[in-house]
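Since the structure comes first, as structure tokens, the remarks are kept for the end.
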Amino acid sequence: MTYVVTENCIACKYTDCVEVCPVDCFYEGENTLVIHPDECIDCGVCEPECPADAIRPDTEPDMDKWVEFNRKYSEMWPVIVSKKDPMPGAEDRDGEEGKMEKYFSEAPGEGG
1 MTYVVTENCI
11 ACKYTDCVEV
21 CPVDCFYEGE
31 NTLVIHPDEC
41 IDCGVCEPEC
51 PADAIRPDTE
61 PDMDKWVEFN
71 RKYSEMWPVI
81 VSKKDPMPGA
91 EDRDGEEGKM
101 EKYFSEAPGE
111 GG
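Taking full-length UniProt numbering, the leading residue of the sequence shown gets 1, the next gets one more, and so forth.
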């Protein structure tokens with residue numbers, strides 16, 4: 001099992017989760033985060049830290065696409081270990097439908 005970041009992180013990018021991760025397996029894109037599924041140790045400490053409820057275990061239904069999404073971008077983006085401010089308008093976009101199509105960017109974040 002692993003944990004993965006799902007669509008609700010897009011255009012919110014709360015980073016509360018990265019500070020509690022004991023293995024630094026979060027990676028930063030321009031407007032979302034991902035977890036490297038092979039680095040995650042399944043401890044689960046990140047899941048309750050996410051204000052947007054965007055971190056889910058891969059054992060939930062229909063998570064295969066998110067495992068692959070997280071794997072792909074964690075191999076392209078820089079690691080992030082420090083908390084940063086969420087994206088402007090994050091509270092308004094929390095729970096919004098269709099965020100992948102509307103907002104997702106493949107560009108890397110700054111990391112750090």
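All C-beta atoms in this analysis are idealised placements derived from N, C-alpha and C, irrespective of residue type, glycine included.
Secondary structure of F104 (DSSP, three-state): coil. Here E96 is not bridged, per DSSP, to any residue. DSSP, read as helix, strand or coil, puts P57 in strand.
Between F26 and C17, the beta carbon gap of about 6 Å places them in contact (Cβ cut-off 8 Å).
Exclusion of the five residues before and after V81 leaves V18, E19, C21, D24, F26, G112 as the residues of its chain whose Cβ lies within less than 8 Å of its Cβ.
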